[in-house]
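Below is one structure, written out as structure tokens, with a few remarks after it.
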Amino acid sequence: MTAWKQLAAVDVGTVRQKVTVEKHRSTTSGITVYLAQVPGPLVCGTLVFATEAHSDAGEPHCLEHLVFMGSESYPYKGVLDLVANRSLAQGTNAWTETDHTAFTVETVGARAFLHVLPVYLDHLFFPLLRESAFRTEVYHVVGETCADAGVVYSEMEARENTAESKGLLRCLRSLYGEPARCGYAAETGGILDEIRQLTNERVRAYHQQFYRPDNFALFVSGVVDRDLLFATLSRFEQRLVSVFTATHRRPWSERVPPAPRFGLVRERVLFPAERADCPDEATDDTGIVFIGWRGPPIHDLVMRTAIEVMNDYLSESGNAPLQEALVECSDAFCNDVSFMQMDFRITANILQVENVPMHRLDDVFDRVMGILEVTHEQGIDVNGRLRTIIERRRRQFFAALEDGANDAILSLLIPEFLYNDQDDQGYFRQALDMPGVLAHLAALDESFWREHILRRWYLPGDGDHGASLVSCIVCQPSKDEANRLRTEAALRIQERLERLSAAERVALGQRLQESVAEHQVSIPESLVPVCSGLLDPASISRFRVETIRIDDVGSGVRLQIDDVDSEFVRLTALLDTRGLSGRQRLLLPLFLETLFNTRVGERDHRAVRDALLADTVDYGCAIGLSKEGGDAGAGFAIGAFSQLISVTIKSERALYETCVHWLYDILYRSQLETNRVRIAAQKLLNDVAQHRRDGSALVAWLSNEVLYGANDEANIPAMAPFRQRHLLRQVLKLLGENRNDRDEDEHDDDDEHDGDMKYDDCGEAHSFDAPERVIPSTLHHRADEMPSRVWTANALATDASASPDWSRTTGTSQRYSMTALLDELEALRRSLTSPGKVFLHAVLHCDERLDALLEPWKQTFGVISGMLPNGNGPLPAHPQLVQFSHEVRPSASVPRRCIVAGVDGVDSCYAKLISDGPKSFLDPDYPLYLVLFELLDALEGPLWRDIRGAGLAYGYNLGCTPESGTVSLSLYRSTAFEGALSAALGVLERFHQQPQELIDENTVASACSGVLCTLLNQESTVEAAAFQRLCNSCRGFEGDYTGELLAKVINVTPAKLTEFATRVLAAFRLEHCLVTVVTNPAKAPAAMEVLQSRGALRTTCVDSLDDFFALEKTV
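Read in UniProt numbering, the sequence shown has 279 at position 279, and its numbers run on one by one without any break.
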């Protein structure tokens, strides 16, 4: 009989979200179990092995993939995911980190989880690891073309040469040495050169060494009976005892070697990019700078947390020293700075300086170190900013437990499993008592923060009185590097073509076909464990959400209150963009980037940011709905329901009234300032270049341009980064040539702020005079009474004749000043915040009378109409809360055309096929789309087997979006585009032509299970459940939309789905689709030929992204 010993138990969380976390270990096998009783519909399982690598071949990553390919008890590829799909889960997942490998599954309810768990464990401890699986899943050479392929290879090809990947790896190696010396410097995902040399025998040996029960931990969060969990594990572990013995040392148990070098280390790495290698201010190409330090041991939780607090002090919000010196300045060094702490046995602290203009790359390190020195000399604001940050971290800890307990607990306890060698209960308890640690830190004096943190861990020194090693890695974009990589790949393939005979290439192809066939053998139903009765909505636990709708809190403003059991409050204002002009839509990113970073009432922008930091957990604004605020604007990101703007503030429940006033003040009392607009424009411009290197994002932007680009009533094309690039450069030119010499680094001259300091380019601190700003005489005008001035692109140019007219209307040629720009932004704000265009949403625990809850809204939003000029009332609210994006498409049907873009910096191939779909969430076909696409899209489903199973691409996705009225098929990270596209279209055509032969009771039940899991995953936390109620209002549904959709999904039958497949899948034939492909320039001609040969219509090659996204839209 297995004995399970409880090692520790701790209660964490708040009164309404109390979670008990326990740690147990089996005295029979050594398996460690962490159990967190988290309320909600889902049970999350994370199965973790401590893994250590001393090469760049990627053994842990390849093994992560191969364990899913069949096991001793289930010797067929796909059994695990098939069982998961039929057990109210949406397949399984995994990740490989530097120091561990983790496998995950989420099920609806504990019964389903305990059904999947033994099958999962069998695959982890007893995988087959066949040669055929290695060939398809890891790496192979395509016989016909001699190209490199394989799922792992495709994944790493897309990642290896990115600035982020190259820079971080180089930084870790400067801190820890080469992989042979220290595993923390290894690329555990694998480097392509070494993946090509890796063998299956090495992966087998790696499994034997690390996948042992004494090196394994199971993390479970959800409502699970402890005794049933242990009984399930005990039945399985009897097999383990006779097979595994603890003969290997525990990973990461040896002393971490000292740093390979001391002092200041500066290196440069190149990554492929479109633009020429010229560090010139004229280019908008950007790079990344990493600055790294070794930190304290993992067990020193107080010191580690203190460093995290100092990281926030230095970088959190625009008032932080690094933000002010690098971002919040003219000629900015970057558009964001952020820290990451690597939780190794000897930790690392790494600063990432993002989107650095080419001419600033070599200046960043000296700037950062100068600011750290100045901050140390001037001292730490312990009683002000530091205490505020500590308190905010406390609030964020509790908020994370409530809105993502599984992830929050994993981040704390995976290091505890990896490095708490002696099972120190004190360390376990302290790791979970983050509020206690923060309270201890809040009591420490200024000398601790100044000397023991800032000087010891950030400033250069001897290791006792300063950091013995500071590493700087400059990641520079390079056209030459792109050409080198392209040439190298071509030569490698050419060498193979010359070396391999025709017969050898045929043999390679035959061997691959045999491997694929071996893994496509049908799984006997008798082998699949059955767990009946899971598809019962009545047995599913869901969070309580009670909705109250107020048609008018005053001034015609509508309010929806969702009453939930929460310690927090989240307030959102939805702003309707109907009626905006095309030029106003182009200004939306600039407006939103400025909104939380400008003067509000009597507070200057610094005071505003300090107060928001003190009062909130999160805040932000975005195009479309966004669940996360991000403490700022969202750049060029677009959320669901893109014709809306959302402005969000979250804090503790006790600050409800404060949050209402903040939301009102941000929308109605903010005052736009010249320098704040300039800094926002520079931040956005510096963000553009990274979008050129993101294949998935490029596919989306190109597709959206064709769908919406010809209509000025759509927000999506106005947000395109490459169109914004033109606009932002003109804005900065206008602001630069109309500058008031006093506003370069503006600061208010209010007496209460005389002591505020700003760093100039030399690192010196000084104060500044008052800025120029726009204070509107009235807060509102009716939309039909906008100021008569027309602002065109000519307003943004020094030479009017040199600028195109981007306004889509005939404008004047008069040159305007920056005052005209500010007036235009103010007019945009007035239009967006007209009462009839504002919809308010509040999520909180309603523990007081309704009239008391409504009072702060009435005092603020309820009196807006009194500010309207001439006694005009507000515009009436539109009866439809949200304008769907398909309503602003120039044509009712999706255009039939094909676009291919070859882009340096993108190594793999990304593609998207879009066709017409349902245009309402209440469409009776919508549940059928969900089930059919889940059936086709599922892990180990038809598309998986023919695309990923053959090693043709890393991923694919089928989507149905009523908001845009489209259905789509995406392929991403493909090394063999022709094969992946052919496989995808072949699957869809088979299900279109012969669905009755391919759809049965089991496949439909499995698909329904996956859809249910997806829908309930969207309501996995209290806040997520309330957010879905807001989404329901946007969908045009009042009530429990999810509950009704669940019932419809469960009632889908094979007969209904068969008829439906015959009716709709022809939409994915290329001649019926908009097709967009982004790949490397060397692969673009072949992609064009493939599409043309398969019947794609109006095939076009994009030679220049900047021209394609011109301000004057021509698509």
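Where is the CB? At the ideal position from N, CA and C, for every residue including glycine.
Strand pairing of residue 24, partner residues [DSSP]: 6 and 33
Buried versus exposed call for residue 426 [16 or more other C-beta atoms within 10 Å across all chains shown]: exposed
Cβ-Cβ distance between residue 526 and residue 885 below 8 Å: no
Enclosing alpha helix (DSSP H) for residue 120 [first to last residue]: 110 to 125
Min CB distance residue 1071 to chain C below 8 Å: The displayed structure is made up of one protein chain only, and chain C is not part of it.
Residue nearest to residue 249 in terms of C-alpha spacing, selected from 215, 243 and 86: 215
Straight-line Cα distance separating residue 487 from residue 1136: Here the chain covers residues 1 to 1115 and nothing more, so residue 1136 does not appear.
Local conformation of residue 15 per DSSP, three classes: coil
Residue 650 in three-state terms, based on DSSP: strand
Bounding residues of the beta strand (DSSP E) (the contiguous stretch that carries residue 475): 469 to 478
Every unbroken beta strand (DSSP E) inside the region 921 to 1007 [3 residues or more]: 953 to 961 and 966 to 974
Given 8 Å, three or more beta-carbon pairs between the region 312 to 332 and the region 473 to 483: no
Reference residue 127, options 100, 145, 64 and 148, closest by Cα: 64
Cα-Cα separation between residue 1101 and residue 928, rounded to whole angstroms: 36 Å
Beta-carbon proximity list for residue 192, same chain, < 8 Å, skipping 5 on both sides: 148, 153, 156, 157 and 160
Residue 1120 versus residue 186 - alpha carbon distance: The requested residue 1120 is not part of the displayed model; the chain covers only 1 to 1115.
Bridge-paired residues (DSSP) for residue 221: 36 and 44
Ordered list of alpha helix (DSSP H) runs contained in the region 1033 to 1094, each at least 4 residues: 1041 to 1050, 1054 to 1064 and 1084 to 1093
Per DSSP, the bridge partner or partners of residue 548: 561
Beta-carbon proximity check, residue 952 vs residue 969, cutoff 8 Å: no
Delimiting residues of the beta strand (DSSP E) encompassing residue 340: 336 to 342
Same chain, Cβ closer than 6 Å to residue 945, neighbours up to 5 away in sequence not counted: 520
Validate contact between the region 562 to 574 and the region 835 to 855 using beta carbons, cut 8 Å, 3 pairs: yes
Entirely enclosed beta strand (DSSP E) segments - the region 612 to 684, minimum 3 residues: 618 to 625 and 640 to 652
Between the CA atoms of residue 418 and residue 48 - distance to the nearest angstrom: 10 Å
Burial state of residue 452, where buried means 16 or more other Cβ atoms lie within 10 Å: exposed
Residue burial classification, residue 1053 (beta-carbon count within 10 angstroms, cutoff 16): exposed
Contact check, residue 108 vs residue 84, beta carbons under 8 Å: no
Residues that DSSP places opposite residue 89 in a beta bridge: 107
As assigned by DSSP and simplified to three states, the class of residue 102: strand
Closest Cα partner of residue 510 within the set 143, 21 and 12: 143
Element boundaries [alpha helix (DSSP H), containing residue 704]: 695 to 708
Local conformation of residue 910 per DSSP, three classes: strand
Reduced DSSP category for residue 1109 - H, G, I as helix; E, B as strand; rest coil: coil
Residue closest to residue 1003, alpha-carbon to alpha-carbon, out of 975, 1040 and 1055: 1055
Buried/exposed call for residue 337, threshold 16 Cβ in 10 Å: buried
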